[in-house]
Structures are given as C-alpha cells and as structure tokens.
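Engineer: Before I ask anything, here is the structure I am working with.
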C-alpha cells in the first residue's frame, strides 16, 4: 500500500483546508485510514480515523470542526478542516491499517495556521 497526501498549506485562523490521501496498491486490504499530526516538539497524535464501513473517530480537540470521509471507489480519504486554530499547526500524516495487522504511512503535509 502506498499513500500520497496532499492539500496542506498556510491559512489564517478561522480558515479552512481540505487534505487528501490517495491510496494505491492493495486497497482492498485496508481496514482503517486515518490522519495524524505532529507539532514541533510534540508527539504524533491521532486526529481522525475512518473504517471501511464508515465508522469515524475524532480527537476531542477537533470534534465539530474537522470531518473525515472516505471514497472507497477512489481509495481516497479526506480531512475537511474548518475553524482552524493556531494549535492545529503541524505536519499531517495519513495512515492505513490493513486487515493483516500491518500499517502504512504517507509522507507528511504541512499545515500552518497563522495570521
């Protein structure tokens, strides 16, 4: 499984961004896809995840502001981020967990929320 993330950038507080993560390879082996982020000096943390059936999970800090969705036909997962705050700044990574128990990471995409 290969993951290609895109969509990061610089946005003002209160703004919006949409991240995309396109999967290729053994897409049918993917059980869960998710987004993680890592701020400078901090550990990588889960932002949101979505199962193949569409069940979602969000970090408390992003509930009500971020929405994760999945297009199984395009093997792509999206993260719609609204009402962005400076503390949302970080490198965002997509991850795929496969049914066999392994996982794969995409390259990071930088999100900077600043005025």
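Residue numbers (my numbering): 5 to 119.
A virtual CB, placed ideally from N, CA and C, is assigned to each residue, including glycine.
Note that the coordinates shown come from a computational prediction; the quantities given were computed from them, not determined experimentally.
Could you tell me whether the stretch 43-52 touches the stretch 100-109, where touching means 3 or more Cβ pairs closer than 8 Å?
Structural biologist: Contact between the stretch 43-52 and the stretch 100-109 is absent, because fewer than three Cβ pairs lie under 8 Å.
Engineer: What are the residues that DSSP puts in a beta bridge with residue 20?
Structural biologist: According to DSSP, which records beta bridges pairwise, residue 20 is partnered with nothing at all.
Engineer: Looking only at C-alpha atoms, which of 20, 28 and 16 sits nearest to residue 119?
Structural biologist: Measuring from the Cα of residue 119, the nearest candidate turns out to be 16.
Engineer: Exposed or buried, residue 13, counting other C-beta atoms within 10 Å across all chains shown (16 or more means buried)?
Structural biologist: Under this definition residue 13 is an exposed residue.
Engineer: I'd like the span of the beta strand (DSSP E) that includes residue 64, first residue to last.
Structural biologist: That residue, residue 64, is in no beta strand (DSSP E); it is neither H nor E in DSSP.
Engineer: Do residue 22 and residue 83 have their C-beta atoms within less than 8 Å of each other?
Structural biologist: Yes, they are a contact pair.
Engineer: Do you know how far the Cα of residue 30 is from the Cα of residue 11?
Structural biologist: Those two C-alpha atoms are separated by around 23 Å.
Engineer: Residue 94 and residue 8 look like a contact to me (Cβ under 8 Å); what is the Cβ gap, rounded to whole Å?
Structural biologist: At roughly 19 Å, the Cβ-Cβ gap does not stay under 8 Å, so residue 94 and residue 8 are not in contact.
Engineer: I need the straight-line Cα distance from residue 69 to residue 86, nearest angstrom please.
Structural biologist: Cα-Cα distance, rounded: 5 Å.
Engineer: What is the DSSP secondary structure of residue 70, reduced to helix, strand or coil?
Structural biologist: Correct three-state label for residue 70: strand.
Engineer: Quick one: what does DSSP say residue 55 is sitting in, helix, strand or coil?
Structural biologist: In this structure, residue 55 counts as strand in the three-state DSSP scheme.
Engineer: Spatial neighbours of residue 71 within its chain, please: CB distance less than 6 Å, with the 5 preceding and 5 following residues excluded, ordered by chain position.
Structural biologist: Excluding positions up to five away in sequence, the list reads 84.
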